[in-house]
Structure formats: C-alpha cells, structure tokens
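Residue numbers (full-length UniProt numbering): 1 to 520.
Even glycine gets a Cβ: it sits at the ideal position worked out from N, Cα and C.
Comments concern the structure below.
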C-alpha cells in the first residue's frame, strides 16, 4: 500500500469566503447541496483532498474537503461518524463526487449533517479538482489581498492623524468614517473618553457600554489603558473590521503614550513649582500668582491646603500614580482653579476655602478605592491667604494627616483645628520619652497584659471627661452607682488620689491621649 499523500500547505490564510460563496464560482455551477444547508455561512480558508480513509490526521479548521468517494467506498456504515469528526475539527464542508465509487450517501450521514449544519456538497462529474482548487484559492487570496490592502490604507490614515497632531477624538472619528459605525474610546475604568459616528449607535454605546458591541484593548508599555469599542447594525462589523479596530488600538496606544509623556513633563513642572511655593522658595507674591496662573491655578484667594498621604502597605509606585489622578479628577469637579501636584509619597491640593474639604477627600477616596486595594490619610490646614501663608498651611495639613492616622487609623481625614492637644503631643519627637511618661503616670494600667486594664482605662477616661461627676459617669457607662464607687477606689489605689489632685488628673488625661495616638 502506498503511503498517504498529504497536500502541500496552501499557506497561512487569515480571511476566507463562505461555503455559499464558494458554490458561486464557475467550476461549481452544477454543484448541489445534499445536506447541512444551515452551515453555508461557514468560512473556507483552505482546501484539501481526501485520498485516504484516515483523513482526520491531515485536516485543518476551515477546510473544504474534496473527495471522489474512493476512500469511503468500503466503509459506508461509518460515514455518519465521519461527519461528526470533521465538524468537531472545524471543517467548513465536505464536497464529494457520487456515482463512481459511491452511488449515494447513507441516510444517517445526511441526518447528522443536517443536525450539525455541516454542508455536504455533491460535485459535478465533469469538474476536476485542480480547477476547483485554482478558482477557489484564487478567490480566497484575492479577498485576503483586498482585506490587507484596506487594513493598510486604514493604518496609513490613522498614522497620518497622529502625525498631524490628532488625538483620541480624531482617531475615533477616522475609524467611525472607515467602518460607518459608532466608535468610542474608554479608559481603564470603563469611562467613555471620546466618541464618534452615527448618533443612534453612539447613544447605544453610552447607554450600555457593556452591551452588544465589538471591543479591542488599548495596550502600551505592558499597561492596559482602556478599550476601543464599535457599535453598528447587526452583522455590520466583520473580521476585517476587527483588524482595523486592532490597528486603531495600536495607534490609540501611541496617542496615549505621547500624552502620558507630555503629562509627565507638565506634572514635574507643576510639582517643582508647588514644592517651591510650599517651602517659601518661589519668590514674591506677585511672581507666585503670575506663574500659578500659567497652570490655571488661583493662589491669591483664601484657600485650604490638603495633604493626602499614602498609608503604609501596597505597591507604592502604582498607588502614587493613581492617587494623583484621583485627586486631580476630584479637584476638577470641586474647584477648577485649584492646584494639585504629586510629591514622592503624597499629593498636595490647594483648594478654595469655600469648598467642603471633607467631601473633596471622600470623592477622591471613592475613586481611589475602585482601582486599588490601598488607602490614604488626608489632612486639612487652616484657611490661608496669600502665597506667604502657604508654607505654614502645608505644615499644618501634613501634621493633620499624620496625627489623624495615629488617632483613627488608615484612611483618616483630619483638620488641623480639630487636633487639639494631639497637635502639641505630636511635636514631641522623642517617642521614648512619651512611653516613659505613660508608664510613670498610668503604671500597670498602661499595659494590656490584664484584660481588665482596658475597661478600667475607659472608666478613668469618662470620669475625667465628666470632671469626676460620678452620677453622669455611671449613666454613660451603664454602671450601678456603687459599682462605680468601687472602681474609683481601685483606680486610686493604682494611680494615686486623682480625685483630689488636679495636677495628677492633668497628667492622667495627657497619658490617655498619648495612648490613643497610634504608632507612638
């Protein structure tokens, strides 16, 4: 027996033609669909000839398989299984010449083909396989050449848009014109940046951006920057159009990269200038105000300085970049003339004093939490008027952010005026001295080794807050009066006679405040 002969590869074909269109070539004018008419839309990208019974080892997806029936003549009972196997391997159709080796196809085979939508085609007796191969492959290659030429033309047009200084809006408009569909560019969070094309389909994209549409990612430098999506009439976006969208995504990535480079330079200039302002090195008031206006900032009005400092944990570089963008976006919504700049570990914002700093911080925190599992603490200064007052206000905001985190944990928002005595305690740089003060003042009560200590400290704190009002303290703590009297006696045996010594009460109050400051 001669070894099976495998046809030479027809090459890598990306695009093809539908089975129904293949039947329209002149050599197949007399062909007849026996079964599987539902599958005439299957795509043919290559052709193969069945010369051996065990053809399954040699077939590829999207092939039109031609046969004289000779390899099948002795196994008609297994032909229904052959249809299943060819369908599973993604073949487009099976074309067979009947009458010479097979008079007809078994009913089971026809039934399976109809069930699977796998076309079975009867070929004319007077047509040679070489004629079919030549005509169909020529048609496929011509189509592919036309698709590639269209894609190349689209690529040149898109590149020209970028070379002419166009941005994402111009790229979207160009693609919408080429494909006659609506096109939108979404950022990494799914927000629509720009759109173009027929209004009804643009509205469909805005109303349901995750609905029926075609989408390709925009990737640059290994980072996902968003997506390009297209929406049009059903069936209007084909495989070749997806190729154009992919090229558009590449061009969009160039635009994004270019804009990021510009933004990085501008951000550095803004940060350097604001750092000089906050350290008092930017010059006189007029010079500062004049240069601030070139960035769109108004620093001459009454303002509040906010410092957003990343809490420990997480990827600091990625978190810092995202923190700057979230605060910038939040600032645009609250104060278009406010200043925002990112430093190494923090973002500094100078906002109109009339703006609710708490709402602004909450807005930025909400956007930040959607993107990263990280947090930041925010501090707000007193109202500052004039550039010469900004360095002091910056110090106040930074102090508020750090003390706020010590008091309330990560994600705290604190105002400098609300720090009270904690502001003074935070000025003590020698934490060992603070520890020593707490230990000397509270003694064993400073430790949590005994579970009762925390409860006793709470009792002491409320007593001090009510100025030793036993009845009010008992009410707040839900204790019986006699129970509280017993606790006071126990506390005085541990701490001294604080009910009679005002100086001791002051020391106890300060020690309890120090304990509340986390990280001390």
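Using a threshold of 8 Å, state whether the C-beta atoms of residue i and residue j are closer than that.
i	j	result
residue 120	residue 47	no
residue 143	residue 17	yes
residue 171	residue 248	yes
residue 473	residue 483	no
residue 361	residue 306	yes
residue 31	residue 124	yes
residue 33	residue 64	no
residue 242	residue 279	no
residue 218	residue 253	yes
residue 39	residue 117	yes
residue 441	residue 380	no
residue 140	residue 45	yes
residue 486	residue 470	no
residue 345	residue 310	yes
residue 508	residue 456	no
residue 276	residue 226	no
residue 285	residue 387	yes
residue 95	residue 66	yes
residue 27	residue 110	no
residue 302	residue 383	yes
residue 326	residue 367	yes
What separation, rounded to the nearest whole angstrom, lies between the Cα atoms of residue i and residue j?
i	j	result
residue 209	residue 244	With a pLDDT of 49 at residue 209, under the threshold of 50, the modelled position of that residue is not reliable, and no figure is offered here.
residue 477	residue 450	20 Å
residue 203	residue 363	27 Å
residue 339	residue 287	16 Å
residue 108	residue 130	30 Å
residue 233	residue 321	39 Å
residue 293	residue 283	15 Å
residue 3	residue 51	Confidence at residue 3 is low in this model, with a pLDDT of 33, below 50, so the placement of that residue is unreliable and no value is reported for it.
residue 135	residue 200	42 Å
residue 290	residue 356	26 Å
residue 411	residue 192	29 Å
residue 163	residue 258	11 Å
residue 101	residue 62	26 Å
residue 505	residue 353	38 Å
residue 189	residue 169	18 Å
residue 196	residue 349	35 Å
residue 98	residue 104	6 Å
residue 43	residue 154	24 Å
residue 503	residue 297	50 Å
residue 359	residue 406	21 Å
residue 500	residue 281	53 Å
residue 270	residue 60	59 Å
residue 37	residue 70	24 Å
residue 369	residue 425	31 Å
residue 178	residue 20	27 Å
residue 497	residue 312	42 Å
When you compare each of the options to residue i by their alpha carbons, which one comes out closest?
i	options	result
residue 323	252, 272, 378 and 337	378
residue 230	162, 183 and 105	183
residue 521	255, 115, 114 and 118	Outside the modelled stretch of the chain, which goes from 1 to 520, sits residue 521, for which no answer is possible.
residue 181	237, 134 and 193	237
residue 409	375, 195 and 441	375
residue 272	469, 461 and 342	342
residue 394	297, 111 and 416	416
residue 492	444, 407 and 479	444
residue 115	95, 80, 146 and 145	80
residue 175	326, 297 and 159	159
residue 428	403, 448 and 446	403
residue 223	250, 299 and 400	250
residue 494	146, 167 and 447	447
### Task
Count the C-beta pairs between the stretch 318-336 and the stretch 413-424 that are closer than 8 Å, then say yes if the count reaches three, no if not.
no
### Task
Give a yes or no on contact between the stretch 83-92 and the stretch 43-60, applying the rule of three or more CB pairs nearer than 8 Å.
yes
### Uninterrupted alpha helix (DSSP H) stretches inside the UniProt domain "PucR C-terminal helix-turn-helix" (456-514) (no shorter than 4 residues)
470-477 and 481-495
### Every unbroken beta strand (DSSP E) inside the stretch 341-394 [3 residues or more]
346-352 and 376-380
### Message
Check whether the stretch 435-455 and the stretch 506-517 are in contact - that is, three or more C-beta pairs closer than 8 Å.
### Response
yes
#### Entry: Any beta strand (DSSP E) of 3 or more consecutive residues that is wholly inside the stretch 273-328
302-310
### Task
Run through the stretch 410-443 for me and flag every whole alpha helix (DSSP H) of 4 or more residues, listed as ranges in chain order.
421-425 and 431-442
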